[in-house]
Every structure is written in structure tokens, then in C-alpha cells.
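Heads up: the sequence shown at position 592 corresponds to 580 in my numbering, and the numbers run straight through without jumps. Only one structure is covered here, and it is reproduced in the block below.
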Amino acid sequence: MKEKKKVFSLWNGGKNSSLACYKKGLFVAFSVLLVLISLWGTCGGSKIALWNSVTGDASDSFSVDIHIDESKEVEFTVSPDSVYEWTWSVNSEEVKESEGESSDLSYTFGEHGIYNVSVVGEGENGTECECWNVTVWLAIEEENDVRELDGLENYHLRIPKKPERIVSMAPSATEILFAVGAGDSVVGVTSFCNYPPEVADKVNNGEIEVIGGYSTPSKEKIVNLEPDLIVSAYGNPADIIYWLIDKEEHPGIEYPVYAQHPKNFDEIFTHIKITGAITKCEDEASSLVNELKEKLNAIEEKTELLEEEQRPRVYYAMGSLFMTTGEGTFQHDIIKTAGGKNIAAEYLPSWGPFSIEHIVEEDPQIIIYSSHGSESLVPEQIKSAELKTVDAIKNNRIYPINENIVSRPGPRVVDAVERVHGNLSGLFNIPGEGSTKIKGAYFDVPFMNLEISTKGDKNRALRCNITKIEETEVQKKLPIGKEVDFGKNFTIKVEAEKDLEERWGIGFYNVNEESWEVYEVVEEEGDGYGDDEDGDRSSYEKEKKAIKAGEERTIELDDECVINITIKAKEDKDVEFTNISVNVSKELSISRPPAIVYRYFNITADNLTGSVEWLKLNFSVNESWIAANADNNTTAISLFCYDYINDTWAELSTSEIGERDSKVYYTATKTSFGTFAICAPLKLESEQSQLPAPEVEVTPSQTSMPAQGTPIPTSTPTPKPSPTETSETSGFEAVLAVVGLLAVMYLLRRKEK
């Protein structure tokens, strides 16, 4: 209590105490004023005029728009009244130095983002600093298919920076986002988004949320994810798109929407490119598009010169036999590029129903079908009596294709082209020079396609796998019923009626010589293999290997990885074949198994007859590979088998059977031949040596992007040396200091009275 009285007495003392206090306060106030005036003179002694070419005035904060493959050049100028040494920086990176009473910078903005342009001047009067905050927006206009909706014809999508929270409303959009390298920014997908496999992994561990179905997305879930970009596609509900774009529905918050509805390959590639630009993954997107185009070009080189009558007639069934795609669809592009003729192109501008009468009338040679959200009805529908005369059904050329690669306008459409081309390759109708009834086509190694016609114009297609063209003379005459050796790589056996009405031959096209050779088919007496006078002719009949019903047989294979195969025949019929072939590859143009791949291989049986109960494959893996990829766990190695219909891999039961010569040997059992992959299990990301963890770039003071419509914070540059305030700012603070000083003096005078 005494201490409080003492303090009180200091403020309420006599006249001498008041005068002392007044003088002391006046001294402090003048000292502060002198310091402020000194600072004002050091930093703001000269007047600087600013100018930029966008606003044409002294504005220090503005925005510009750029488009895809476009940049914007902007000029900046500072003009003081004395000489300075100037240093210009963009986002703290020095870009130019100059000296003089003024300085300018011409800078080209090639990417969208938030930029800070600053200039620091060093002179006799001190240091000057000026800066501009520039927001560069990426504008997506005609390239955005959301404009197909009524009322949105002029919708402008503007993106100010790389999106950090992306919601995908379609499986094709998800595939494109991950393919260009933007998968880490995806926070929401539909329940149908199942490729690439890491999508499911991210959903399961909570990194990505499922927003609902492709046609039934939840508006609430989309909003809760606070996306700064939404990628939609044809088939998403229009009412959701309208709501997202309508600013009156959510004042102050914008949901930028980029929609995709490509009708052909070029538009698919454009959408991939734009997605890469929006997400700042331009290099990855460009590399992907180039790779896809190279694969398509390789097929087009074989098919682009085919005349309409030379193309096999193709019908594609979507889920039901009576639903198909017409000319204005990318499925039409798939069929045409693969070498076929889409029979629905003349009837439908897009996709739609197709009658049974039209199918019978157009008589497709091949029917390709896929499921469409559920199991396909086609296998049952083709049994209709009305369709029994259709060429494809009569000759059992009905081929399933994975719905995901044929119905999604994304990177995997090229896989669909390769698959359809393989289905068509035995039916290209290219007549050989000099032959009448014989039609054949040889495009390139490793496939030769021959079609021969016997009496009654009944066609038979032969497809021979070869590895190279041997420079050896072959039989100019082919004996009926005999297998003839055409070098080391393939044989042909001709079957024909005895009473041929006319001579006929096989047309063989040699791409190296760019010419046709026609081999005559002759009927011979006895066991002769041709004219005995021609010593350069040879032929032989391959002997079939047989496995009796219910018995097993082990076949040694000429491969360093796949050692042998044991085949067991079913109890009811012998199994016969001429040869077991193993083709080993490090890569395949199909989806990868969910594991680390050591080796792919395809195993087939030539001229196979009878029924196989099971196959037992014995194979080996190098110990060094197991050490690097399976942590020396030899029992972790598995064999996977590929299902071409469903585009999936199934893991087979695999057992270790021994070690020798730095290799570990395994065995696995399967019920049929096919495509296999020897694999090690995927490791945890922190442990996996084959898949290094991605490097994360840390940006100082990095903040997440606010929703569009709210102010976007801009960062302050860090020039060297650190700038002081401008003359205008310093002058304003000095005035405030003087006002404050006068207020203090006024209060002290009142205290004195």
C-alpha cells in the first residue's frame, strides 16, 4: 500500500515536479521526431515513379491471362530523380542488373502462378525498393467441353496456380491425371475409378475419398473436399455441373470445372495435354502423348493404305448386342486405326441402338464386345436363330475386350487398338499379284497372314508367328496334304479337295523386296515332295507328340528361365501337339501385375488337340535379383497368370524346389497355357528399393490456395540488401509521429494547469 502512495505522489507532486515531467516528455518526443525524420530522409529522400505495361499506370498489383502454349510479356519501369544501381528479381531470383536514373524490365510469363517482381536501387541517397504483385491466370476456353451444356457456351475457366486439391468425376479423367503425374493432387474419385492400381491403394488408406458413382456423385462430398479443380466427363449429371459453376449458389466460393468429352484420338491427346498444363505437368503429358502417337503410327503404317473393300467388317457391341458406337466416337477411331470397317458408321453419328436386321444386312466378319457396367449379354444374344447366317457368328469370330480400355477416352485406348488389330490381322483382304482366288497380306515381322480359297470360295485364314525372314529358296509348288518348310521359321500345310477345278496358289508378300511371290499348289502322286530334278526343294511332315489320356509328360524347354513343363491330359482324350514355345519379354503392352516383375513369358502349344487337365511350370530366378527385390526371401517369389478378358492378373500357388548355380528354382501349376509373370511382392514405400520415394519440394511460407472468389495473398520479396519503406509510406508515418507528439504536449500542459 505504501508503494502505491509513492507512485501516486510522483504524478501529483508540486509545481517543480510537473515542470520536470513536462520538460522530460518534451525531450523524449523531440528525440523520437528527429529519428523518424532521419529515417525518412535516408529511405525516402527521392520520389520514384512506377509504371507497368498491363495497366499503363503506377499500379503495383494486377493480373494477366495466358492460354495453352501461350506466354505474356510484361514491361516494368522505375524512374527516380537520381542515379542508382538497380537489381531486378522475380520471386526472389535475380534476373537483371542496370545503372541509371531509371530502369526497366521486360519479363515473359509462360506459366500460371503468383509472381512477385521487385527492384532494389543502391545510390548516394540510400536504398530504394519497389515491387509488383502479378497473378498470371491460365485461361481454358474452347478446349473445355463443359461448353457443350446449354447456357455455358461462353464459360471461362481461369486457374491462378497449380491445383493442390483435385476431384475427378470420371474414370477416364482419373487415368489421365495419374498418367501425367498429377495423382498426388487428387483428393476425390468415383467408385468406378480403379486404374491405375495405386488409386485403390490411396482410397483404402484414406488419401482419396470416394464421392459416389460416375452418374451419381455426391454434391456434399465434393464440397467438403474443398477442391480447387474439378475434372468432369460426358455422362456426369448436368445438374451437378450447373450447380458447381453457378456462383449464386455458393457466393464467394468458385468451383472451377474442366470437362472432357473427346470424340476421337486427337481430342483425347488434347485433353491429356491440357490436363498436363493445368497441373504443371507439361513435360510428362507431352512425353505420354508422343509415346501413344508412336504406338498408333506403328499400326497405322500397316493399315492406313487399306481400301474400304480390303478392311474386315467389324461390329462393336456395348454390353448388349444391339447397342453400338457410330462415326463420331473414339471407338470408331479404334476400329478404323486397327484396320477394320465399322459397320455402324453409316447409321449412327454417335453411339446408340442397332437393330438385328442391320447386323444381318451388314454381315460383320468380326464381332467385338465388352461389358458395360454389368456382365455382357452378347454371348447369349448371338445364339439367336436370326443371326446364324452372320459371318462372324458362323465362323466363331466373337472376341471379348476389356471394357475399361475400350470405353474410357484415356491413355489406354492405344491398348484397345493393339487388341483389335490382333483380332483382325488374319482377315485383311489384299490380293497378291498374279493370283486370282488367293488373298494374303504380310505386313511385318513377327506376323504373316495368309488366306487361301478352295473350291466353293470357302476361305481359310492362316496366321504364322515368325522371327525373321530366311534368305532361302522355298517350294515353288506346294503338295496337297503335306507340310512344307519355308525356311526354319514356319511351315504351311495345304488342305484341298482332290478334284480341283483350277490351279491355285498362295500369295506371299516380301516387304523387303516390295513384291509378291505366288506359290502354286499341286496334286502329287505317292510320297513325292515335288519335282525330283529340283534339288533345292525340301519338305517334311512334323511328327506330333502325344500324351495319352490321364497320363503326364515332362517337356524340356529351351529357355534359361523356364526350365520345363509337365502336362497332364484329361481322362477322356489324348493330348497331341507338335511343339511347346516360350517367348520371354521384359515388358508387355498390357497392365502390370501388382508386384515387382522379374520376367514376363508366354507359353503356347502348336497344333494342340485334346484336353489338358493341368500344366506344371518349373522356372528359376537369379539369387541376386531376389536379394535386391525380395530381401533375400526366396519363398516370396510368385507366378502370376494374365486374364486377357478381364485385364487382370491372378497369383498362382508357387513353391520353392531348390537352389543351384546362383539360381533358385520354383514350380507352379495352371490349367492352361497363356501369359505369365515371375514376380516379387511389392515392398512398403519406405523399404522398396526399386521404387524410390518421391522427393518433396518444400517452399518457404507455402500456403494452400484459397477458394476462387476470395482474396489471394501475395508474398513479399526478399531482395538483397533488404529494402526500406518507400517515400510515401515513410512520410505518412512521420506525420503520424508529429501528431502524436503534439498530443503528448497537449496532455502535459493540461496536467501542469
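The beta carbon of each residue, even a glycine, is placed where N, CA and C say it ideally should be. Note that the structure is a prediction, hence the values are computed from the model and not measured.
Rank the options by C-alpha distance to the C-alpha of residue i and give the top, closest one.
{"i": "I553", "options": "E647, S573, Y588 and Y654", "result": "Y654"}
{"i": "I262", "options": "E58, E564, Y588 and N40", "result": "E58"}
{"i": "H100", "options": "L93, K84 and V124", "result": "V124"}
{"i": "S160", "options": "E136, K371 and H259", "result": "H259"}
{"i": "N121", "options": "L137, I102 and E345", "result": "I102"}
{"i": "K558", "options": "E539, N567, S573 and F342", "result": "E539"}
{"i": "G398", "options": "T325, S338 and Q319", "result": "Q319"}
{"i": "S308", "options": "L294, L280, F342 and R400", "result": "F342"}
{"i": "W39", "options": "T65, V408 and D619", "result": "T65"}
{"i": "I287", "options": "I54, V572, G328 and E639", "result": "G328"}
{"i": "N606", "options": "V572, H409, E644 and D631", "result": "E644"}
{"i": "V537", "options": "V609, E289 and G598", "result": "Strictly speaking, residue 537 in this sequence is Ala, with Val absent from that position. That would be G598, whose Cα lies nearest to the Cα of A537."}
{"i": "D635", "options": "T663, K84, N384 and L294", "result": "T663"}
{"i": "P352", "options": "T325, A305 and S359", "result": "A305"}
{"i": "E242", "options": "K268, E270, V211 and A221", "result": "V211"}
{"i": "R396", "options": "T115, G44 and T162", "result": "T162"}
{"i": "V155", "options": "L165, I370 and L670", "result": "L165"}
Please go through the same chain and pick out, in chain order, the residues whose beta-carbon is closer than 8 Å to the beta-carbon of residue i, but skip the five residues on each side of it.
{"i": "V348", "result": "E374, L375, T377 and V378"}
{"i": "S274", "result": "K261 and G264"}
{"i": "S203", "result": "G223, N224 and P225"}
{"i": "K(-10)", "result": "Caution applies to K(-10), whose pLDDT of 39 falls short of 50 and renders its modelled position unreliable; the value that the coordinates give is listed next. Answer for K(-10): no residue qualifies."}
{"i": "I196", "result": "V174, V175, G176, V177, V187 and K190"}
{"i": "E295", "result": "none"}
{"i": "S650", "result": "N610, E611 and S612"}
{"i": "I543", "result": "K533, N552, I553, T554, I555 and I568"}
{"i": "S70", "result": "S34, E89, G111, E112 and N113"}
Can you look up residue i in the DSSP assignment and give me helix, strand or coil?
{"i": "K561", "result": "coil"}
{"i": "V211", "result": "helix"}
{"i": "A273", "result": "helix"}
{"i": "R301", "result": "strand"}
{"i": "E131", "result": "coil"}
{"i": "N278", "result": "helix"}
{"i": "S160", "result": "helix"}
{"i": "D547", "result": "coil"}
{"i": "T258", "result": "helix"}
{"i": "E152", "result": "coil"}
{"i": "S395", "result": "helix"}
{"i": "K324", "result": "helix"}
{"i": "R400", "result": "coil"}
{"i": "K671", "result": "coil"}
{"i": "S173", "result": "helix"}
{"i": "F50", "result": "strand"}
Quick one: residues in its chain with C-beta nearer than 7 Å to the C-beta of residue i, no 5 flanking neighbours on either side, listed in chain order?
{"i": "N132", "result": "Y143, L145, Y246 and A247"}
{"i": "A404", "result": "I322, I389, I393 and V394"}
{"i": "P581", "result": "F628, W637, A665 and C667"}
{"i": "I56", "result": "E131, I262 and A265"}
{"i": "E272", "result": "V168, G169 and G264"}
{"i": "E110", "result": "Y72 and E73"}
{"i": "G200", "result": "T178, S179, S206 and K209"}
{"i": "A744", "result": "A question about residue 744 goes unanswered here, because the residues of the chain that appear run from -11 up to 741."}
{"i": "R135", "result": "E141 and Y143"}
{"i": "N411", "result": "I354, I356 and Y387"}
Return the chain-ordered list of same chain residues with a C-beta closer than 6 Å to the C-beta of residue i, the five sequence neighbours on each side being excluded.
{"i": "V570", "result": "L545, D547, V550, F589 and I591"}
{"i": "E601", "result": "K556 and K558"}
{"i": "S49", "result": "N121"}
{"i": "K764", "result": "Beyond the ends of the chain as shown, which are -11 and 741, falls residue 764; an answer cannot be given."}
{"i": "P244", "result": "L145 and L217"}
{"i": "I344", "result": "E374"}
{"i": "S91", "result": "V66 and W74"}
Next item on the list: Count the CB pairs spanning the segment 249 to 265 and the segment 184 to 204 that are closer than 8 Å, and state whether there are at least three.
Entry: no
Next item on the list: Check whether the segment 618 to 638 touches the segment 648 to 665, taking contact to mean three or more Cβ pairs, one atom from each stretch, closer than 8 Å.
Entry: yes
Note to self: Across the segment 609 to 625 and the segment 563 to 580, are there enough close Cβ pairs to call them in contact, namely three or more that are closer than 8 Å?
What the structure shows: no
Margin query: Which runs of the alpha helix (DSSP H) at least 4 residues long sit entirely within the segment 71 to 139? Give them in chain order.
Written below: none
Next item on the list: May I ask you to verify whether the segment 285 to 301 touches the segment 398 to 416, counting CB pairs closer than 8 Å and requiring at least 3?
Entry: yes
Next item on the list: Would you mind listing the alpha helix (DSSP H) stretches within the segment 218 to 252 that are 4+ residues and don't spill past its ends, in chain order?
Entry: 226 to 233
Note to self: Ignoring anything shorter than 3 residues, give me the beta strand (DSSP E) runs that lie fully in the segment 347 to 383, in order along the chain.
What the structure shows: 354 to 358
Next item on the list: Please go through the segment 554 to 632 and give each complete beta strand (DSSP E) segment of 3 or more residues, from N-terminal end onward.
Entry: 563 to 565, 567 to 573, 583 to 594, 600 to 610 and 626 to 631
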